[in-house]
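Residue numbers (this note's numbering): 527 to 740. Each residue gets a CB set at the ideal place from its N, CA and C atoms; glycine is no exception. Here the structure is a predicted model, which is why all the values come from computation and not from measurement. Take a look at the structure set out below.
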């Protein structure tokens, strides 16, 4: 963890993180003298995403629903398109310049939580959504209900300049808006998510709480 952002490869890891095993793997590989390269994506988005990051927003903006955003919507995060990630991985294969190195991989832009909601509406060609801010500590989400929000409650964005310096033939080709438009057409619409029923029970709890008299 660090007070200085964006995150860089040499920043110390968070020992309390659920992803701390990745650091252990990097240390183990280095200790054994094996050839290795470690890639640390930020939030990944794009077609066939198993984690409904952009879909969370598309589900709401395409149905005219409010978007419930925690922490005042001002935390800054970052997303990287899956094609950009795959292209970097491809260019690492057999490349001695990346041996024993760690790379943050993502897009080059940063976005606030509120900005993500607005960009997804723009990508889908629908009106800007109503954004409802709420305190996540004031809403108890019952077991079995959908996750309240797809991003962790903290600033989370990283510099990708080391990757571009060591692999000069690689650069993220997708701006965030372009990538979201691609994801909306090639994934969200193509897989029929716009026609599926969506479980908004958690949203309804949040909206009920947000609209309740003080």
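Contact check between the stretch 600-613 and the stretch 556-568: three or more CB pairs, one atom from each, fall below 8 Å, which counts as touching. One thing to note: residue 632 has its Cβ no nearer than 8 Å to the Cβ of residue 674. Counting only runs of 4 or more residues that sit fully inside the stretch 662-697, the alpha helix (DSSP H) segments are 687-692, in chain order. Here DSSP, grouped into helix, strand and coil, assigns residue 588 to coil. Looking at the backbone, the Cα of residue 657 and that of residue 621 are separated by about 46 Å. Judged by their CB atoms, residue 580 and residue 646 are nearer to each other than the 8 Å cut-off.
In this structure, the beta-carbon distance from residue 698 to residue 610 falls below 8 Å.
The alpha-carbon of residue 686 is positioned some 11 Å away from that of residue 696. If you draw a straight line from the Cα of residue 616 to the Cα of residue 642, it is about 29 Å long.
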